[in-house]
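Q: Chains as they are written, first to last, in my numbering: chain A, -3 to 87; chain B, 310 to 444. Backbone N, C-alpha and C fix where the C-beta goes; we use that ideal spot for every residue, glycine too. Since we're looking at a predicted model, the values are computed, not measured. One structure follows; several queries about it will come next.
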Amino acid sequence: MHDREPTGARVTVRCRLFARYAELAGTEAIDLDLPTGATVEQAVHALRARLAEGVRFPASPLAAVNRQHAAPGWVLADGDELALLPPLAGG
Amino acid sequence: MGFVTREPIDIGALIGIVSGPGRGGTVAFLGSVRRGPEDGPVAAIEYSAYEEMLEAEFGRIVAEAQARWPDAGIVARHRIGQVPSGAPSIAAVAAAPHRDAAFDAARYVVEEAKRRLPVWKRERFDDGTTRWREG
Chain A
-3 MHDREPTGAR VTVRCRLFAR YAELAGTEAI DLDLPTGATV EQAVHALRAR
47 LAEGVRFPAS PLAAVNRQHA APGWVLADGD ELALLPPLAG G
Chain B
310 MGFVTREPID IGALIGIVSG PGRGGTVAFL GSVRRGPEDG PVAAIEYSAY
360 EEMLEAEFGR IVAEAQARWP DAGIVARHRI GQVPSGAPSI AAVAAAPHRD
410 AAFDAARYVV EEAKRRLPVW KRERFDDGTT RWREG
């Protein structure tokens, strides 16, 4: 028996932040180490816990995974790029 | 083809891309930086974007429109960076054999772009102050 977690038990996700969210976080990118099976919603929870001003960060922001809009329940895979998007204002 | 530009939008060039002898109706939409009474003295808007996704999502939107109106020629651009008031920030042009398809395709692209593109704008006023603008 191994007493370590098996390989793949955790995933690393690159979280990118834009516009007002990048200002709130004080950074445009942060790596998140998450349990396998973690969702977008859980990643946001982890990010809020990690940021000094996390309480000011929205709990349910718009999100994209690998450049496509993603729902809060989307399951993240190792190496995914998660983007948290302030309210869109194109045009 | 890139959907994102940092240069002024040349609507004539876009019309030239999609027009043709079999396309009797052309609709060109330009969205420009507004400085109306409700906006305040907006000198410019600084557009920022998640550029890789902006390209991908705009491509998906145009492909969807192309699938719905297969006889139309459709082209679109979003300008990012600093755009002075009065200058266009977004363009969608659709040319089709008949006007209905041209109107519908151009409108589809613009409405979906407003709803889906990862773009943000920071207004810059005449006195140099700035603020994020949503919507």
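Is Q391/B closer than 7 Å to A337/B when the C-beta atoms are compared?
A: Looking up residue 337/B in the second sequence gives position 28. Looking up residue 391/B in the second sequence gives position 82. It is not a contact, given that the beta carbons lie outside the stated cut-off.
Q: So which residues on chain A does G395/B lean against when the C-beta distance must stay under 9 Å?
A: Position 86 of the second sequence, counted from the start, is the residue given in the question as residue 395/B. The premise fails here: G395/B is roughly 15 Å from chain A at the closest Cβ pair, so nothing lies under 9 Å.
Q: Nearest by alpha-carbon distance to L72/A: which of A59/A, L84/A and A55/A is it?
A: Indexing the first sequence from 1 puts residue 72/A at position 76. Nearest option by C-alpha distance: A59/A.
Q: When you compare only the Cα positions, how much space is there between I112/A and R369/B?
A: This structure gives no information on residue 112/A, because the portion of chain A shown stretches from -3 to 87.
Q: Within the continuous alpha helix (DSSP H) that includes R20/A, where are the two ends?
A: Your numbering for residue 20/A matches position 24 in the first sequence. Just to set this straight, residue 20/A is Leu in the shown sequence, not Arg. That run of the alpha helix (DSSP H) goes A15 to A21.
Q: Please confirm whether Y359/B has its beta-carbon closer than 7 Å to some beta-carbon of chain A.
A: In the second sequence, the residue the question calls residue 359/B occupies position 50. Closer than 7 Å: yes.
Q: Quick one: using the 10 Å Cβ neighbour count with 16 as the cut-off for buried, is G86/A buried or exposed?
A: Taking the first residue of the first sequence as 1, we reach residue 86/A at position 90. Looking at its Cβ environment, which holds 16 or more other Cβ atoms inside 10 Å, G86/A is buried.
Q: Considering only their Cβ atoms, is the gap separating L323/B from V402/B smaller than 7 Å?
A: Here the question's residue 402/B lines up with position 93 in the second sequence. Here the question's residue 323/B lines up with position 14 in the second sequence. Cβ atoms of V402/B and L323/B: closer than 7 Å.
Q: Just the chain A side, please: which residues come within less than 7 Å of L426/B by C-beta, in chain order?
A: Along the second sequence, read from residue 1 onward, the residue named residue 426/B stands at position 117. Chain A residues near L426/B: L84 and G86.
Q: Going by C-alpha distance, which of H387/B, P406/B and R440/B is nearest E316/B?
A: For the purposes of this step, residue 316/B is identified with residue 7 of the second sequence, where counting begins at 1. Cα-wise, what sits closest to E316/B is H387/B.
Q: Within 7 Å (strictly less), CB to CB, does A25/A reach chain B?
A: Your numbering for residue 25/A matches position 29 in the first sequence. By this cut-off, A25/A is not an interface position.
Q: Please confirm whether I354/B has its beta-carbon closer than 7 Å to some beta-carbon of chain A.
A: What you label residue 354/B is simply residue 45 of the second sequence in a count that begins at 1. It does not: the Cβ of I354/B has no partner Cβ on chain A nearer than 7 Å.
Q: Is L81/A close to chain B, meaning its C-beta is less than 7 Å from at least one C-beta of that chain?
A: Here the question's residue 81/A lines up with position 85 in the first sequence. So, interface residue.
Q: Between A21/A and L30/A, how many whole angstroms is the CB-CB distance? I'm expecting something under 8 Å.
A: Reading the first sequence from its first residue, position 25 is the one you call residue 21/A. Reading the first sequence from its first residue, position 34 is the one you call residue 30/A. No, A21/A and L30/A are not in contact; Cβ-Cβ is about 17 Å, not under 8 Å.
Q: With DSSP as the reference, identify every bridge partner of H387/B, one or two as the case may be.
A: Your numbering for residue 387/B matches position 78 in the second sequence. V313/B and I399/B, per the DSSP bridge assignment.
Q: Hey, how far is the Cα of T23/A from the Cα of S341/B?
A: Indexing the first sequence from 1 puts residue 23/A at position 27. Indexing the second sequence from 1 puts residue 341/B at position 32. So the two alpha carbons sit approximately 30 Å from each other.
Q: Buried or exposed for R350/B, please, with buried defined as at least 16 other CB atoms from any protein chain shown within 10 angstroms of its CB.
A: Numbered from 1 along the second sequence, position 41 holds the residue referred to as residue 350/B. Sequence inspection shows Pro at residue 350/B; the Arg mentioned does not correspond to that position. Looking at its Cβ environment, which holds fewer than 16 other Cβ atoms inside 10 Å, P350/B is exposed.
Q: To the nearest angstrom, how far is the alpha carbon of A55/A from that of A422/B?
A: Position 59 of the first sequence holds residue 55/A. Position 113 of the second sequence holds residue 422/B. Their Cα atoms are separated by approximately 25 Å.
Q: Taking the C-alpha atoms as reference points, what is the distance between V40/A and V7/A?
A: Counting from 1 along the first sequence, the entry for residue 40/A is found at position 44. Counting from 1 along the first sequence, the entry for residue 7/A is found at position 11. If you take the alpha carbons of V40/A and V7/A, they lie about 14 Å apart.
Q: Would you list the residues sitting across from T335/B in a DSSP beta bridge?
A: If you number the second sequence from 1, residue 335/B lands on position 26. In DSSP, T335/B forms a bridge with A404/B.
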